[in-house]
Structures are given as structure tokens and as C-alpha cells.
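Participant: Numbering (our numbering), first residue to last: 16 to 266.
Backbone N, C-alpha and C fix where the C-beta goes; we use that ideal spot for every residue, glycine too.
(1) Does the structure place the segment 156-165 close enough to the segment 111-129 that three or more beta carbon pairs sit under 8 Å?
(2) Which residue marks the beginning of the beta strand (DSSP E) containing residue 136, and which one marks its end?
(3) Given residue 142, which residues of its chain have a CB within under 6 Å of its CB, disregarding the five upstream and five downstream residues?
(4) Would residue 152 and residue 146 be called neighbours here (beta carbons separated by less than 7 Å)?
(5) Rounded to a whole number of angstroms, what is the C-alpha to C-alpha distance between residue 49 and residue 42?
(6) May I have a chain-ordered list of the alpha helix (DSSP H) segments no shorter than 4 residues that lie completely inside the segment 74-109?
(7) Under 8 Å Cβ to Cβ from residue 24, same chain only, skipping five residues before and after it: list those, please.
(8) Could you give the residue range of the beta strand (DSSP E) that holds residue 196?
(9) Alpha carbon to alpha carbon, what distance is there between residue 202 and residue 52?
(10) Contact between the segment 204-215 and the segment 188-195: three or more CB pairs below 8 Å?
(11) Locate the alpha helix (DSSP H) running through residue 258, then write down its first and last residues.
(12) What does the alpha-carbon distance come out to for the pair residue 168 and residue 35?
(13) Which of the three DSSP states, helix, strand or coil, is assigned to residue 199?
(14) Where residue 230 and residue 129 are concerned, what is the direct C-alpha to C-alpha distance, given to the nearest angstrom?
(15) Helix, strand or coil for residue 19, going by three-state DSSP, please let me know.
(16) Provide the residue span of the alpha helix (DSSP H) that contains residue 152, from first to last.
(17) How many angstroms separate the CA atom of residue 214 from the CA atom of residue 148?
(18) Does DSSP put residue 32 in a helix, in a strand, or in coil?
(19) Residue 131: which of 166, 120 and 95 sits nearest, CA to CA?
(20) Nearest-angstrom Cα distance between residue 20 and residue 71?
(21) Tell me, please, which residues DSSP counts as bridged to residue 122.
(22) Once DSSP output is grouped into helix, strand and coil, what is the label at residue 166?
(23) For residue 107, which of 187, 242 and 67 has the nearest alpha-carbon?
(24) If you run the structure through DSSP and keep just helix, strand and coil, what is residue 69?
(25) Where residue 232 and residue 222 are concerned, what is the direct C-alpha to C-alpha distance, given to the nearest angstrom?
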């Protein structure tokens, strides 16, 4: 089976590139440089309008802040409302993750967010990779009825977590999808596909200098660089997997 493709994007331009390479889904986020945060309502609305009826599914990242995945009651409440809003706006799914104070999957928080999503697809993001046992965490997510897990196999880059990814695919037993992501490029993508994962997730991003191309100041000044989805990088990953633009894979 050829893995499905999912691209992490930050705007409608990224959605259009994902459609061009026949990605099954986009994970829509803001601030990918921080690992991704919940996008604004207007960003979600425009992405959904861009995807239309023929584009990729839009799955919205729900993450209230950077800096780990153990959340306060208020942060879980915010996330729950964001999940409900995204699904009501038309998102096909949401991407969530919450850990308890021991670094295990927070079953209560995850159940609340899952329930808030209703019938929409739910993905557990790479919070799984900072748990002590990603295979056990995958099994817990499976028991919660989560649709898929985005994982690098516990490594910083998915290419370094291939053996763990194989173990997670085996543990999934076809009941939960395993999607490999983190640091995926044209060289890594075929190796990850051979590990038997259901999908491959990548951002295909490149950095752009702020201030009209002139580097000045820092991101904290509001004039640093930013990141955009790069069409050529996305096409190169697609080609490395033996896929032509517009040739859809199984979802």
C-alpha cells in the first residue's frame, strides 16, 4: 500500500500546494516554528474555502500554547472549545495531544477532546514521542478510539525512529493508523514508506527573511524570518515516493 500524504501547512497557499501533490490531508496550524499552535478562525475558514470539495481534508491542530503537553484545566477547556469550533466550521478532523504530570497520555483530557470532536477524525500528535513508551501510548490511544497517531518513533527525526515505527505498526494491528512525521524529506520518505506506515506527514517548509527579504532584528522584534510551504520540496517528496502530482493515494 502506498502511504497517504499529509502536509502541515499554515495558510491557504499551503492548502493549494497540498492539493497539487494530491495529499489526502493537511494539518492546519499556526507557528510551525514553535511546533505548531491552534490557527485563527479566519485561517481555518479560508483554508476550508480553498480546499473546497476537491482539495485535501483539513485537520486543525488544537494546541493552546508552546512548551510541552501537560495542560491546566483552563487550557483543556480552551482546547475543548477550539475543537468544537473547528468541527462546526467544517474541519474533517482535529489533531490533539495531552499528557499528565507523569508524562503519560492524559486519558481524561484526551477523552474530553475526543468527545468534543464528535464524529470528526481525531489524530494524536507527536506528544506520543515524548512519552516513555510510544507503543504503550499508541495502545492507549487505540483504546480511546483515536483514528491515527502522528509519530517519529520517539526520535527527533522519523528516519532515526524507523525500528520503533515498525513496532508501532505491528502494535496498531490495523485498528489505528500510524503516520510517520518529523524531518521528512525526499531521502527519508521512501525509507519510512517501507516501514509499513499508513501515512507520511511533512511540512515541506522553507524559511523566508522578514522585512522584504532583508534580515533585520529577530522574531521577537516582529521582523524576523518566517516559514512557508515550498512547492518544489513537496513535489520532490512526492516524486521520491513514486507519485505523480495529482495521483492520489489511499486515504
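Facilitator: According to the data block:
(1) yes
(2) 136-139
(3) 84, 112 and 114
(4) yes
(5) 15 Å
(6) 88-104
(7) 30, 32, 33, 41, 42, 43, 44, 62, 218 and 244
(8) 192-196
(9) 28 Å
(10) yes
(11) Premise fails: residue 258 is in no alpha helix (DSSP H) and is neither H nor E.
(12) 28 Å
(13) coil
(14) For residue 230, the pLDDT reaches just 48, beneath the cut-off of 50, and the residue's location in the model is therefore unreliable, although a value from the coordinates is still provided. If you take the alpha carbons of residue 230 and residue 129, they lie about 42 Å apart.
(15) strand
(16) 149-158
(17) 21 Å
(18) helix
(19) 95
(20) 10 Å
(21) Residue 122 pairs with nothing; no bridge assigned.
(22) strand
(23) 67
(24) coil
(25) Residue confidence for residue 232 is low, a pLDDT of 46 falling below 50, so the modelled location carries little weight and cannot support an answer.
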